[in-house]
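Q:
2 protein chains.
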Amino acid sequence: MADARTQPRVVVIGGGFGGLYAARVFRHQPVDVMVVDRTNHHLFQPLLYQVATATLAPTDITAPIRWLLGRQRNTRVLLAEVTGIDVGRRTVTCDDGALTLEYDYLIVAPGSRHSYFGHPEWEKLAPGLKSIDDAIVIRQRFLLAFERAEKAATADERRAQLTFVVVGGGPTGVELAGMLPLIARHTLPDEFRDMDTSTSRILLVEGGPRVLPTFSEKISGEAQRELEELGVEVRTGSIVSRVERGAVYVGDERIDTASIFWAAGNQASPLGKQLGVPLDRVGRVLVNPDLSIPGHQEVFVVGDLALMGPEVKRVPGVAQGAIQSGKHAARNILRLIERRMPTAFRYRNLGDLATIGRHRAVAQFPTFEMWGKPAWWFWLFLHLMYLAGFRNRLSVFVEWAYAYFRYGLGARLITARSKDM
Amino acid sequence: MADARTQPRVVVIGGGFGGLYAARVFRHQPVDVMVVDRTNHHLFQPLLYQVATATLAPTDITAPIRWLLGRQRNTRVLLAEVTGIDVGRRTVTCDDGALTLEYDYLIVAPGSRHSYFGHPEWEKLAPGLKSIDDAIVIRQRFLLAFERAEKAATADERRAQLTFVVVGGGPTGVELAGMLPLIARHTLPDEFRDMDTSTSRILLVEGGPRVLPTFSEKISGEAQRELEELGVEVRTGSIVSRVERGAVYVGDERIDTASIFWAAGNQASPLGKQLGVPLDRVGRVLVNPDLSIPGHQEVFVVGDLALMGPEVKRVPGVAQGAIQSGKHAARNILRLIERRMPTAFRYRNLGDLATIGRHRAVAQFPTFEMWGKPAWWFWLFLHLMYLAGFRNRLSVFVEWAYAYFRYGLGARLITARSKDM
Chain A
1219 MADARTQPRV VVIGGGFGGL YAARVFRHQP VDVMVVDRTN HHLFQPLLYQ VATATLAPTD
1279 ITAPIRWLLG RQRNTRVLLA EVTGIDVGRR TVTCDDGALT LEYDYLIVAP GSRHSYFGHP
1339 EWEKLAPGLK SIDDAIVIRQ RFLLAFERAE KAATADERRA QLTFVVVGGG PTGVELAGML
1399 PLIARHTLPD EFRDMDTSTS RILLVEGGPR VLPTFSEKIS GEAQRELEEL GVEVRTGSIV
1459 SRVERGAVYV GDERIDTASI FWAAGNQASP LGKQLGVPLD RVGRVLVNPD LSIPGHQEVF
1519 VVGDLALMGP EVKRVPGVAQ GAIQSGKHAA RNILRLIERR MPTAFRYRNL GDLATIGRHR
1579 AVAQFPTFEM WGKPAWWFWL FLHLMYLAGF RNRLSVFVEW AYAYFRYGLG ARLITARSKD
1639 M
Chain B
1219 MADARTQPRV VVIGGGFGGL YAARVFRHQP VDVMVVDRTN HHLFQPLLYQ VATATLAPTD
1279 ITAPIRWLLG RQRNTRVLLA EVTGIDVGRR TVTCDDGALT LEYDYLIVAP GSRHSYFGHP
1339 EWEKLAPGLK SIDDAIVIRQ RFLLAFERAE KAATADERRA QLTFVVVGGG PTGVELAGML
1399 PLIARHTLPD EFRDMDTSTS RILLVEGGPR VLPTFSEKIS GEAQRELEEL GVEVRTGSIV
1459 SRVERGAVYV GDERIDTASI FWAAGNQASP LGKQLGVPLD RVGRVLVNPD LSIPGHQEVF
1519 VVGDLALMGP EVKRVPGVAQ GAIQSGKHAA RNILRLIERR MPTAFRYRNL GDLATIGRHR
1579 AVAQFPTFEM WGKPAWWFWL FLHLMYLAGF RNRLSVFVEW AYAYFRYGLG ARLITARSKD
1639 M
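Here the protein sequences come in this chain order: A and B.
Numbers 1219 to 1639, taken from this note's numbering, label the letters of the first sequence in order.
Numbers 1219 to 1639, taken from this note's numbering, label the letters of the second sequence in order.
(1) Less than 7 angstroms between CB atoms is the rule here; does His1260 (chain A) satisfy it with respect to chain B?
(2) Apply the 10 Å Cβ neighbour rule to Lys1436 (chain A) and answer buried if 16 or more other Cβ atoms are within range, or exposed otherwise.
(3) Is the shortest distance between the beta-carbon of Leu1297 (chain A) and the beta-carbons of chain B less than 7 angstroms?
(4) Counting beta carbon pairs with one atom in the stretch 1309-1318 of chain B and one in the stretch 1293-1301 of chain B, are three or more of them shorter than 8 angstroms?
(5) Can you list, in chain order, the residues of its chain whose CB lies under 6 angstroms from that of Gln1538 (chain A), leaving out five sequence neighbours each side?
(6) Could you tell me the boundaries of the beta strand (DSSP E) in which Trp1340 (chain A) lies?
(7) Can you say whether Gly1513 (chain A) is buried or exposed, counting buried as having 16 or more other CB atoms within 10 angstroms of its CB?
(8) Residue ranges of each alpha helix (DSSP H) run of no fewer than 4 residues wholly in the stretch 1267-1292 of chain B, ordered along the chain?
(9) Give a yes or no on whether the C-beta atoms belonging to Thr1293 (chain A) and Ala1241 (chain A) are separated by under 7 angstroms.
(10) Applying a beta-carbon distance threshold of less than 7 angstroms, which residues of chain B neighbour Thr1309 (chain A)?
(11) Between A:Val1580, A:Ala1316 and A:Phe1563, which has its C-alpha nearest Pro1431 (chain A)'s C-alpha?
(12) Can you list, in chain order, the residues of its chain with a C-beta nearer than 6 angstroms to that of Ala1476 (chain B)? Leave out the 5 residues immediately preceding and following it.
(13) Between Leu1347 (chain B) and Val1461 (chain B), is the Cβ-Cβ spacing less than 7 angstroms?
(14) For Glu1339 (chain A), count the other beta carbons within 10 Å of its own beta carbon; 16 or more makes it buried, fewer makes it exposed. Which is it?
(15) If Ile1574 (chain B) and Val1392 (chain B) are in contact, beta carbons under 8 angstroms, what's the gap, nearest whole angstrom?
(16) Can you find the residues in the same chain that come closer than 6 angstroms, C-beta to C-beta, to Ala1640 (chain B), ignoring five residues on each side of it along the sequence?
(17) Please look up how many angstroms separate the CB atoms of Gly1237 (chain A) and Gly1544 (chain A), rounded, as I've assumed it's under 8 angstroms.
(18) So the candidates are A:Ala1572, A:Gln1515 and A:Arg1227; which of them puts its Cα closest to the Cα of Pro1592 (chain A)?
(19) What runs of the beta strand (DSSP E), each 3 residues or longer, lie entirely inside the stretch 1431-1514 of chain A?
(20) To the nearest angstrom, how far is the alpha carbon of Pro1507 (chain A) from that of Ile1354 (chain B)?
(21) Short of 6 angstroms in beta carbon distance, which residues of its chain neighbour Gly1233 (chain A), apart from the five on each side in sequence? Order them along the chain.
(22) Our contact map puts Leu1421 (chain A) next to Arg1453 (chain A) with C-beta atoms below 8 angstroms; I'd like the distance itself, whole angstroms only.
(23) Quick check on DSSP: helix, strand or coil for Val1243 (chain B)?
(24) Following the continuous beta strand (DSSP E) through Ile1541 (chain B), name the residue where it begins and the one where it ends.
(25) Within 10 angstroms of the Cβ of Gly1535 (chain A), are there 16 or more other Cβ atoms? Answer buried if so, exposed if not.
(26) Within the 7 angstroms Cβ cut-off, does Glu1409 (chain B) reach chain A?
(27) Can Val1495 (chain A) and Val1326 (chain A) be called in contact, C-beta distance under 7 angstroms?
(28) Does any CB atom of chain A fall closer than 7 angstroms to the CB of Leu1631 (chain B)?
(29) Alpha carbon to alpha carbon, how far is Arg1630 (chain A) from Leu1554 (chain B)?
(30) Are the Cβ atoms of Val1641 (chain B) and Val1249 (chain B) separated by less than 7 angstroms?
(31) Between Lys1491 (chain B) and Leu1497 (chain B), what straight-line distance do the alpha-carbon atoms span, to the nearest angstrom?
(32) Closer than 8 angstroms by C-beta to Ile1511 (chain B): which residues in its own chain qualify, once you throw out the five before and the five after it? Chain order, please.
(33) Who pairs with Arg1419 (chain B) in a beta bridge, going by DSSP?
(34) Which residue's Cα is closest to the Cα of Phe1583 (chain A): A:Gly1501, A:Thr1372, A:Arg1566 and A:Arg1419?
(35) Please confirm whether His1246 (chain A) and Trp1480 (chain A) have their CB atoms less than 7 angstroms apart.
(36) Skipping 5 residues on each side, what residues in its chain have a beta carbon closer than 8 angstroms to that of Ala1634 (chain B)?
This is how it looks when you write it as C-alpha cells:
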C-alpha cells in the first residue's frame, strides 16, 4: 500500500481490548496508526458465554473494528493475519509475507488461547471459549446434545447426551456452567415430548481447591453455593486426566458425556516467540515496567501476552488488564515521541464480577464485596454500560429483557455445518 | 422412539412456511403430528437477503421449530434429514436409515434449491440464497471483498474485488442488488482510507426480457428504473454462459469479479423422486387438485415441490404459496379423517412485494399497484407484522431503526472460517 507519511507510524497488532483501547489513545495525535487483526471485529469477550448458551446472537457482542475506529482519521484498519515480526528491521509481515508493514512503534496485543496442558488433541473434543467461532461451536454442540438425546436408542446414550462437563472454575467456566441448568430446567422442558430435559447433569471441574480462585475465599464459597443451588455438581481439586470421544476422566472416574467445554488455563499467542525475548512457561513475554520489551523501547506488549515483572503486581487476564495496559503503552509511545521518559505501568484493580445463572452473581471490589441478587443487577448494569457501541447495547438489552421475562433463549440457531460435529 | 398412539399419525417433512403452517392447522385436533426438518429452525426466507447484506443477524429471522410449536401438545419436532419415503409401506426414513417413522398421512414440504442450469459446479463460485448458511456465506464474501480490495496489489485486482454480480432478476435478486449500492456508497466510504468504496460496480443479470417477471410490465419497469437510480447496472435478456474463479461471462462479455451471487432458477428437492410419481423438468411433483399425489390420497405435496396441474392456476414459489398450500393439505387430512371428501386447492393471490434499497419498493395487489416510498413503508409494516414470534419482531425493529437512522449495518461479522473462501 503506497502512501507518503511524515508522522511516526504505529502498528497495533490485535483489535481486542488491548489493541482497541491503545488505538483510541492516538485519536487526534500526530501519528499514523495501523490496526491489524485477523478478524474484522472487536469482541466483547466477557459476554461470550452468553453466545455459547444461545442467549445473545454473535452480532450482539461484536462490532467491526473499522466501524469502531471509523471517525479516527489518522487510523487505518487491516484485516490480515500477522505471521512475522522483525524487531531489528522494524517490520511486521502479514498473511505469510503477502504484505509487510513498517513501524516506528509497535504494540503487540494478540491475546491468548486456552491451554490444554500439553494435550492439544483434546481441543477438538473439548472446545474452548475465546473467539466468536468458539462460542458458535459450543452453542451448536449444546443444542444438538438435546436433539440427539431425544433420538437416543438407549437410556445410557441419552444420559451421556444430557451430561455437560465444564472444565475450569474461573469466571468463564462458572458463568457457562451457571447458565446450563436454567436452560435445561426452564427453557427446554416444554419443547421435548419424549424426555425430561430437566434431568440433565451439569458438572464443573476445577483443578484448584476452589472456584473463582482470583476472588476472596468468602466469595468463592458463595459462588460454589449458588452453583450448587442451581443444580451444578462442583468438583474442586479435580484434575481432568483424559478426554476422549464421548467421555472425560476426572482423576480415575470416567464420566460419559457428549459435551465437554473447556475454560481452563491460558496459552499466550505464539507471536510472542517472534520478539526474540524471554518467555515464561505459557508463552508470555517478560516486559519492562513500562511495558516495552528488553532491548527495544519502541516495542510494547500488552494484555494476555504480557507478563509483568516481579516488581509489578500481577495483572489478571481480564478485560481491564488489557484495556489499562493497552492505554498505558499508547501513552508511553506519545511520551517517547515528545522525547519524554516512559512511565511504569500500574494496574488499578477496578473489581471483578462473575454472574451465576439468573439473579445470582458475585462481585469483589477493592472496598466491598457483593453476592446474590444485588450483585446480579449490578453486573447487568455495568455490562450494558460498557458494551461497545450504542446499537449492540440496545440489541443486547432487548435480548436480555426477553430472556428475563420469558425464560426464553433468543439465539437458538444450529447451522447446517454443525451436523458434522 | 417407543410410544403407543391411537390417533392417526401425520408426518410433516420440512419446517419452512409450508410445513410449519400445515402443522399449526393440527392444533387441538385428534392427530399426532411429527415435524421433521434437517435444521432446528424455521427461516423467514423473505428477509434472507438482509442477512446476506449484514443488516439483520441470522437469529433475527430464524426461530427454533420446537419453540414455534412448543405449546401444541400433540406435535413433536425431530431434527433429522429425511433420506427415504416409502409410500407403499407408509414410512419415512431419516439419517440414512437410523430412524424410521410410520405415518397414516404425510405432508411433503421440503422446499427447493437454486438451479444452476446444468452447471452444478458453479454453485461453489456463485453461492445461492436459500438457507441461513447461504446468507452467511454471501455476507462473508461480500464483506471480505472490500477488505481484499483495500489490500489489492493492482488497480485491476481492486476493480474486480469491487465488482458485484447478482444473477437472476426475481425478487431475491432485485432485493439483494438493491442493497449493495447503499452499503458501498453510504455505509463503508468513511471506514476505508486507501480507496473509495463508492466506485463499486453492481450488476444485475436477468435472462428474461425484464426484472420481476411475475409482476406487471409497469411494475417491472418501475423496479428497473429504481435500481438504475441507485447505480445498479441492469442487464436484461442476458444469459450467464460461464462462471469461473474471478470472472463471469454474460453472453460473450467477460466480467472480472470476485463476487457472484446466484438468485436464478429453482430446482425442487430431490425428495420428490422418492414418491414414485411423475415429475416435471425441475423436479416438481405433479399433484392432484387436492394436493395429494396420484394413487395416494394420504400423501400431500406442498410449497415449492408441488406443481399444480393445468386446471389450477400456477402457484408462485413465494411464502404465500407455501403457506396456503400447507394449510390446505392439512385441512384435507382432517377431512379425510372425518371421512369427508378432500377439496381442491385454490391459490389466493394476496399480492407481491419487492423492496429496492432504501425508500424504494414495488408492490402489486389484485386491486392496486404501488411503488416508491409508500410501497417501501408498506413493505416494512407488513414484514414486521408477519415475522414469526414477538422476540424477532422487536429485534428486527431495533436493527432496522438503526440501519434507517444511521445508514449503519448491524451485523457485519466475518467469522474465521470464511478466510478459506
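A virtual CB, placed ideally from N, CA and C, is assigned to each residue, including glycine.
A: The short version:
(1) Chain B contact via Cβ: absent.
(2) exposed
(3) Interface residue, yes.
(4) yes
(5) Leu1568
(6) Looking at the DSSP string, Trp1340 (chain A) is not in any beta strand (DSSP E), and its letter there is neither H nor E.
(7) exposed
(8) Whole alpha helix (DSSP H) segments, 4+ residues: 1283-1286.
(9) yes
(10) For Thr1309 (chain A), none of the residues of chain B pass the 7 angstroms Cβ criterion, the least Cβ distance being about 16 angstroms.
(11) Measuring C-alpha to C-alpha distances from Pro1431 (chain A) to each of A:Val1580, A:Ala1316 and A:Phe1563 identifies A:Val1580 as the nearest.
(12) Ala1363, Ala1378 and Gln1379
(13) Cβ atoms of Leu1347 (chain B) and Val1461 (chain B): not closer than 7 angstroms.
(14) exposed
(15) 6 angstroms
(16) Residue 1640 (chain B) is absent from the model: chain B starts at 1219 and stops at 1639.
(17) With 8 angstroms as the limit, Gly1237 (chain A) and Gly1544 (chain A) qualify as a contact, their Cβ atoms being about 6 angstroms apart.
(18) When each option's Cα is compared against that of Pro1592 (chain A), the closest is A:Ala1572.
(19) Qualifying beta strand (DSSP E) stretches, in chain order: 1450-1453, 1458-1462, 1465-1468, 1471-1474, 1477-1480, 1484-1486 and 1503-1505.
(20) 45 angstroms
(21) Val1253, Asp1255, His1260 and Ile1283
(22) 6 angstroms
(23) helix
(24) It is not in any beta strand (DSSP E) - Ile1541 (chain B) instead sits in the alpha helix (DSSP H) that spans Ala1537 to Ile1555.
(25) buried
(26) yes
(27) no
(28) Residue contact check for Leu1631 (chain B) against chain A: a CB pair falls below 7 angstroms.
(29) The alpha-carbon separation between Arg1630 (chain A) and Leu1554 (chain B) amounts to approximately 36 angstroms.
(30) Since the first and last residues shown for chain B are 1219 and 1639, residue 1641 (chain B) lies out of range.
(31) 8 angstroms
(32) Val1305, Leu1493, Val1495, Val1503, Val1505, Val1517, Phe1518 and Val1519
(33) B:Thr1381
(34) When only C-alpha atoms are compared, the closest one is A:Arg1566.
(35) no
(36) For Ala1634 (chain B), the predicted structure reports a pLDDT of 49, less than 50, and the residue's modelled location is therefore unreliable. The matter cannot be settled from this model.
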